[in-house]
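Peer 1: First, the structure itself, so that you have it in front of you.
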Amino acid sequence: MTPESIVIAGAGLAGATAARTLRAEGYAGNITIAGAEPHPPYLRPPLSKEYLLGKAGEDAVEVVPESWYADNNVSLLLDNPVASVDPGAHNVRFADGTVQSYGALLLAPGATPRTLLLSGADLEGVSTFRTLDDSRRLREQLAPGGRKVVLIGSGWIGMELAAAASTYGNQVTLLGLEDIPLAAAIGPELGSFFRALHEDNGVRFRLPASAAEITGQNGKVTGVVTDSGELLPADIVIIAVGVVPETALAAAAGLEVRNGILTDASLRTSAPDIFAAGDAANALHPFTGEHYRSEHWSNALSGGKVAAKAMLGQDAALDVVPYFYTDQFDVSMEYSGFPSLAAKGAPVIRGSLDSKEFVAFWQQDGRVVAGMSVNWPRSVKPSAQKIIKALISARAEVTAERLGDEAVPLDQLMPEP
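FYI, the numbering for the sequence shown is 1 to 417, going by UniProt numbering.
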């Protein structure tokens, strides 16, 4: 049966996409979106890329114009998140104490940046990075240039922030626990490619290294002491060591939680009429037969659509090939596939790393399970990412020699329909 009312706990991309999909599918019941931030739902990728660099304005981060919610009879509760859920009574309590019943509930609370228990972590000039307000503040700090910036964390966000800070003309030092940045995600060869890219643009690395202490004077940060005892002077310190899925609400309601809110492929949780999507959802993926939690925007977008259709009783599953992208200096990279399946193999490279234009494929048992394209012309159709996704979805067997042979046109790798 179609629920009379739907509550969406989380005012991010997954929640907003679910609301849009519900209306697009003809749902006429009440929809309430409740979020903890004062801003309407927004996109996170631009926050560490074009928005942070001042190349895009506020409209670039909107999921939909703010007027869309009222125009489509969607109640948007900002600064008033869902505080508790009663699955038996089918109601939620908001932070302001208001109680509201639901026919279906979508949990899309997102994630929270990890913090470090370091002396000096509360000094002025030290922060994590996650929100629109974080990006606004950091842009104001970085834009004048000439500042000493220390990034703690060598993952995607840390590398993107380092690129932005350096582009503004700041002196940037990046710390990470890996010998090679991004090696855990894309392997040492391609991690070294990104390290060289950053070093060519003035970024300094301390790898492997961790922060032992953050120093300050008069309440303001002055530096970071590494575990080797080196003092790195700093005007700005950014902690970018990953995020933790927001599961407290689900756990308190008795839902099954394991590295996120556990769901089936249709994003149903262990409680009737409760669904989960976005960063906090650990969903069963039909391709691998394993649960998979993703913190990338494409997962939130796809998850919002799937959850909405599933709440309406439609046959829907989150079965898309995972995707993300990054922009750093003059490199634009797109990645599709399953990092867990690609982790044990070395990539097959088509093109030249030196030219900064190539495609990398990862295989398992002769089948493509992941692929990334770097500065590959998007004007060429079908795109490299479309070909990669098609190869993965078809479970097509392709020899490494054929994948890497530039004499074989990329589109000829496409599996037969």
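Every residue gets a Cβ at the ideal spot worked out from N, C-alpha and C, and that includes glycine.
At 4 residues or longer, and completely inside the region 232-274: list those alpha helix (DSSP H) runs for me, N to C.
Peer 2: With a minimum length of 4 residues, the continuous alpha helix (DSSP H) runs that stay inside the region 232-274 are 248-252.
Peer 1: Looking at the structure shown, is residue 198 part of a helix, part of a strand, or coil, going by DSSP?
Peer 2: In the structure shown, residue 198 sits in a helix (DSSP, three-state: H, G or I).
Peer 1: Could you check where the beta strand (DSSP E) with residue 339 kicks off and where it finishes?
Peer 2: Not the beta strand (DSSP E): residue 339 falls in the alpha helix (DSSP H), residues 339-342.
Peer 1: Cutting at 6 angstroms between CB atoms, please list the residues of its own chain near residue 456, excluding the five before and the five after it.
Peer 2: Here the chain covers residues 1 to 417 and nothing more, so residue 456 does not appear.
Peer 1: Who are residue 1's beta bridge partners in DSSP?
Peer 2: Looking at the DSSP assignment, residue 1 forms no beta bridge with any residue, so it has no partner.
Peer 1: Counting Cβ pairs, one atom from each stretch, are 3 or more of them under 8 angstroms apart for the region 81-96 and the region 53-67?
Peer 2: No contact exists between the region 81-96 and the region 53-67.
Peer 1: Express the C-alpha separation of residue 299 and residue 160 in angstroms, rounding to a whole number.
Peer 2: Each residue's Cα considered, the two are about 20 angstroms apart.
Peer 1: Express the C-alpha separation of residue 179 and residue 194 in angstroms, rounding to a whole number.
Peer 2: Each residue's Cα considered, the two are about 13 angstroms apart.
Peer 1: Bridge partners of residue 101, per DSSP?
Peer 2: 91, per the DSSP bridge assignment.
Peer 1: Are the region 257-273 and the region 134-151 touching, with three or more C-beta to C-beta distances below 8 angstroms?
Peer 2: No, because fewer than three Cβ pairs between the region 257-273 and the region 134-151 fall closer than 8 angstroms, the two stretches do not touch.
Peer 1: Please list, in chain order, all residues of the same chain as residue 284 whose beta carbon is under 6 angstroms from its beta carbon, the five residues on each side excluded.
Peer 2: These residues qualify, in order along the chain: 264, 265, 291.
Peer 1: With a threshold of 8 angstroms between beta carbons, is residue 164 in contact with chain B?
Peer 2: Protein chains in the displayed structure number just one, and chain B is not present.
Peer 1: Would you report the Cα separation of residue 43 and residue 37, rounded to the nearest angstrom?
Peer 2: Roughly 13 angstroms separates the two Cα atoms.
Peer 1: Give me the residue from 347, 296, 112, 225 with the minimum Cα distance to residue 247.
Peer 2: Of the candidates 347, 296, 112, 225, the one whose C-alpha sits nearest the C-alpha of residue 247 is 112.
Peer 1: Is the region 308-315 touching the region 358-368, taking contact as three or more C-beta pairs under 8 angstroms?
Peer 2: They do not touch, by the three-pair rule.
Peer 1: Could you pull out every unbroken beta strand (DSSP E) segment of at least 3 residues lying fully inside the region 156-184, listed in chain order?
Peer 2: The qualifying runs are 171-175.
Peer 1: Considering only C-alpha positions, which residue in the set 122, 50, 79, 94 is nearest to residue 213?
Peer 2: Cα-wise, what sits closest to residue 213 is 122.
Peer 1: Assign residue 321 to buried or exposed, taking buried as 16 or more other Cβ atoms, counted over all protein chains shown, within 10 Å of its Cβ.
Peer 2: Residue 321 is buried by the Cβ-count criterion.
Peer 1: Check for me: the alpha helix (DSSP H) holding residue 68 runs from which residue to which?
Peer 2: Segment 67-71, the alpha helix (DSSP H) holding residue 68.
Peer 1: Quick one: is residue 288 buried, meaning 16 or more other Cβ sit within 10 Å of its Cβ, or exposed?
Peer 2: With fewer than 16 Cβ atoms within 10 Å of its Cβ, residue 288 is classed as exposed.
Peer 1: What residues match up with residue 306 in a beta bridge as DSSP calls it?
Peer 2: Paired residues: none, contrary to the question.
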